[in-house]
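In our numbering, the protein residues as written are 6 to 470.
Each residue gets a CB set at the ideal place from its N, CA and C atoms; glycine is no exception.
As the structure is a prediction and not an experimental result, all values here were calculated from the model.
Written below as structure tokens is the structure these notes are about.
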Ligand code: FAD
Ligand code: NAD
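Structure representation (structure tokens):
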């Protein structure tokens, strides 16, 4: 096969890699992207998008079940709700299919050449790709490593049979009667809640003494209450030991030394993800590491000239929008623009019930950084729109410097609050002060009014509490 030469080669077409390649193509950079699975990577195929589709379907189903049981104050009635999970999965696959096709056509529109196969470095400028029709050698002036991440496997619960990762959970065609979930982080809670709503008896085992350790307990309390209301048992401070000898249960030991036998048809292991740093010829290179991740600087340069790395392979937070922002930046740097990582905050959204959003510093982080702060918190129970949506649980909280009122962070928990992450992000990124947020007219009736009210509260004169 004829050797390809190009200015930019991107390895991996997840959100980091495909955005990098599209932007480079738009800027006229001669670009090739290699992907061994499907365009869109983890996020579009087995991560963000399919999980949100299943979460939405589960929400709708749970609402219908509640209506059928007469638990509906609005007077809506429903009869005998049922779910055909195979059909739900087919609907979800339709969405991911449309999106991955969309990524391919955007790459083509930007003039990017797509090579399908596993890429392996031969040296710092050359990569060989095992394609269906033989080996394709690609020589590039610049190479971007965007190989992403994979689920962490526990030695006592290797994936296979009834032990599944998020990928397995997102392709189940029957709702498991009993589901054990190991890990109460992002995936464990998002999918654990979804399967509880679909009708599974869910038990969550978490090693630490709290759920969602990344967020403060004020933010996670409404989620804990919802878990309890759905009958999900959460075992905190509990160690998993492995499957029982007959394979019918998960064995665990609680913090107080009590042995627990959790009957389970499926065991979903969600104890974190690890960067994909093997399988692409790292041994042929001299790349510095930062723990288990590839070390990068503020321009995503690795320790080797002309080699960049972006996305999950470069560290926390392992989020799609961070990978995309890095990808866009690197494409612009390679095209000759002056760019470096200058973001004030990377929003984090947990699509639990209710949803949690955090942008910038929490009160504890601000205090730990030695800041004198003002905090304003406004509950959705005092927001008219939230009442009309039966979504009164939760609040918006703003954290600002006490002296000049510069907003340091904004957090919130509530139904549908993920959509407020944009407003929170812009406020932090643009260096808003409390007065800027309070002085912006927020449309009525919307949940976003809680944002303006939280700023007013921090200024000492909230109107609706
Ligand atoms: P990836 O998306 O992992 O893509 C890497 C790509 O590289 C893959 O397609 C892989 O096949 C390819 N590749 C690897 N090695 C090679 C090779 N040698 N040759 C060729 N190709 C190769 N993040 C959010 O921000 N919001 C969410 O709601 C969210 N939900 C998630 C839900 C789940 C269940 C999971 C698992 C993850 C979720 N994430 C979410 C995380 C998000 O998916 C990742 O942060 C994001 O996909 C990282 O993008 P990336 O480009 O770094 O890597
Ligand atoms: P996570 O890091 O969010 O949570 C893992 C949890 O497992 C932690 O609470 C940890 O204490 C616990 N744990 C670890 N070892 C354990 C053990 N042996 N027994 C019991 N509990 C154990 O990891 P995840 O849920 O697998 O998600 C991986 C990553 O994917 C996230 O960190 C995030 O970057 C990304 N993601 C993001 C979203 C989103 O943005 N909404 C959604 C899903 C995934």
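Query                                                                                                                                   : Result
Cut-off 8 angstroms between Cβ atoms - residues of its own chain near residue 423, not counting five sequence neighbours on either side : 354, 356, 360 and 362
Residue range of the beta strand (DSSP E) that includes residue 50                                                                      : Residue 50 -> not in any beta strand (DSSP E); alpha helix (DSSP H) instead, spanning 46 to 51.
Cβ-Cβ distance between residue 68 and residue 155 below 9 angstroms                                                                     : no
Contacting residues, own chain, Cβ-Cβ under 8 angstroms from residue 413 (five flanking each side not counted)                          : 365, 366, 371, 376, 378, 404, 405, 406 and 433
Residue 378 CB to nearest heavy atom of the ligand FAD below 8 angstroms                                                                : no
Spatial distance of residue 249 from residue 229 (CA atoms)                                                                             : 28 angstroms
Residue of 114, 339, 453 and 442 minimising C-alpha distance to residue 390                                                             : 453
Cβ contact check for the stretch 181 to 196 and the stretch 30 to 49: 3 or more pairs under 8 angstroms                                 : no
Alpha-carbon spacing of residue 293 relative to residue 126, whole angstroms                                                            : 16 angstroms
Bounding residues of the alpha helix (DSSP H) (the contiguous stretch that carries residue 391)                                         : 389 to 393
Residue nearest to residue 41 in terms of C-alpha spacing, selected from 255, 123 and 105                                               : 123
Cβ-Cβ separation, residue 275 to residue 193 (assumed contact under 8 angstroms), whole Å                                               : 4 angstroms
Residue 194 beta carbon near the ligand FAD (any heavy atom closer than 8 angstroms)                                                    : no
Distance, residue 399 Cα to residue 382 Cα                                                                                              : 10 angstroms
Near the ligand FAD: residue 40 beta-carbon under 8 angstroms from a heavy atom                                                         : yes
6 angstroms Cβ shell around residue 12 - same chain, five flanking residues per side excluded                                           : 34, 35 and 146
DSSP beta-bridge partners of residue 405                                                                                                : 379 and 412
Euclidean distance between Cα positions of residue 113 and residue 303                                                                  : 29 angstroms
Own chain residues within Cβ distance below 8 angstroms of residue 324, not counting five before or after                               : 351 and 353
Any non-hydrogen atom of the ligand FAD closer than 8 angstroms to residue 191 Cβ                                                       : yes
Runs of beta strand (DSSP E) lying entirely within the stretch 337 to 385, each at least 3 residues, in chain order                     : 353 to 355, 360 to 365 and 378 to 384
Where residue 294 falls: helix, strand or coil (DSSP)                                                                                   : strand
Residue range of the beta strand (DSSP E) that includes residue 248                                                                     : 244 to 248
For residue 128, the residue or residues it bridges with in DSSP                                                                        : 131
Residue 313 - partner residues in DSSP beta bridges                                                                                     : 149 and 306
Residue range of the beta strand (DSSP E) that includes residue 198                                                                     : Counting along the chain, residue 198 falls outside any beta strand (DSSP E), though it belongs to the alpha helix (DSSP H) covering 191 to 203.
Whole-number beta carbon distance between residue 203 and residue 88, since they are thought to touch under 8 angstroms                 : 6 angstroms
Simplified DSSP assignment, three categories, for residue 452                                                                           : coil
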